[in-house]
Amino acid sequence: MGTLTVLPVAPPRQPVGGRVAGVAMALAPVAVLPLAVVAGLVVWAGDAVLAPPLLIGALAVAVLALGSGGLHLDGLADTADGLAVPGDVGRRLDVMRSGDVGPVGAATVVLVILLQASAIGGVLDRHTGPDAAIAVGVAVVVSRGCLSIGCARGVPAARVEGLGSAVAGTVPVAGVALVVLALAAVALLLDGGRGLAGVVLVVVSAALVVLTACRRLGGVTGDVLGAVVEVSLTAFLVVQAVGLQ
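In the numbering used here, the protein residues as written are 90 to 334.
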């Protein structure tokens, strides 16, 4: 919760080992439940006061960004810049480590924010406020659940230091499958066929990000995991906007 949200929590009393890190990543959907509830309430309240759908979408995205400390958007920007760099793996990782946002990273963040806000607006155009609020809340939970895919056993860390190295390869494959099945069940229960379709696309999208990172970077980093969250969130919301009635 202290990593995935801005909520103040006490630091761990002892070093976090691989087993604890794996459990933490598997429980990421639970840790972000407060953020999911707040984002859903923003959508519900905005619809109740008849605010324009796109404005509501922008506010919900802003709440998610603020509630996570901008961590995932920063990771998305750094990952996009790193993947776009020609040359060897070392150079790509250096670009990601620098923290400067290049043109590719900036453009990617802008595009993703536009897609997320527009998708939430699209959901509000097609569904009631409470239904849209549930869809957004589920999207937040599902997108964080995909962190287990990025931390699956067998996925290497691109560096020997940093958040990625602490959590890479810590979630057993069976644990990943259990998380995905749980997310699918929750999405189906709360959001019907749209929710289930969203989980399918999210899993595919997250896997593609991880596979690309392994091929271009040699593994995952904390930035890559942030990119997984943002890409997954976007994928789920797009399905909600264009999917089943």
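Each residue gets a CB set at the ideal place from its N, CA and C atoms; glycine is no exception.
On a predicted model such as this, the values are computed, not experimentally measured, just so you know.
Check whether the segment 236 to 243 and the segment 111 to 128 touch, using three or more Cβ-Cβ pairs below 8 Å as the test. yes
Which class does V309 belong to by DSSP, given the choice of helix, strand or coil? strand
Which runs of the alpha helix (DSSP H) fall wholly inside the segment 176 to 230 and span at least 4 residues, in chain order? 178 to 187, 192 to 215
Just verifying my parser: in three-state terms, what is the DSSP assignment at V260? strand
Using DSSP with H/G/I as helix, E/B as strand and the rest coil, what is A113? helix
With DSSP run on the structure shown, which of helix, strand or coil describes A140? coil
Does the beta-carbon of G91 have 16 or more other beta-carbons within 10 angstroms, so that it is buried, or is it exposed? exposed
Three-state class that DSSP yields for A247 in the structure shown: coil
Cβ-based burial, D177 [other Cβ within 10 Å; buried from 16]: exposed
Simplified DSSP state of A149, which is helix, strand or coil: helix
Closest Cα partner of G135 within the set P261, V225, Q103, G107: V225
Classify A241 as helix, strand or coil using the three-state DSSP reduction. strand
I think G173 touches V190, with their Cβ atoms under 8 Å apart; what is that distance to the nearest whole Å? Looking at the sequence itself, residue 173 is Ala, so the reference to Gly does not match. Contact doesn't hold; Cβ gap of about 12 Å is too wide.
Are at least three pairs of beta-carbons, each pair with one atom in the segment 194 to 206 and one in the segment 145 to 157, less than 8 Å apart? yes
Output yes or no for whether 8 Å exceeds the beta carbon distance between A71 and W133. Outside the shown range of the chain, which is 90 to 334, sits residue 71, and nothing can be said about it.
For P118, three-class secondary structure by DSSP: helix
Chain-order list of residues whose beta-carbon lies under 7 Å from that of L143 (same chain, five-residue window excluded): A206, S207, G210
Among L322, P104, L93, which residue has its Cα nearest to the Cα of G156? L93
Check whether the Cβ atoms of V119 and L236 sit closer than 8 Å, and answer yes or no. no
Out of curiosity, what's the CA-to-CA distance linking D280 and D214? 16 Å
Going by DSSP in three states, S294 sits in which element: helix, strand or coil? helix
Under a three-way DSSP split, which group does V328 fall into? helix
A169 - DSSP class collapsed to helix/strand/coil: helix
Of the residues V256, P175, V126, R304, the one placed nearest P104, counting alpha carbons only: V256
By Cβ distance below 6 Å, which residues in the same chain neighbour V212 in space, the five residues on each side in sequence not counted? A221, A224, Q329, A330
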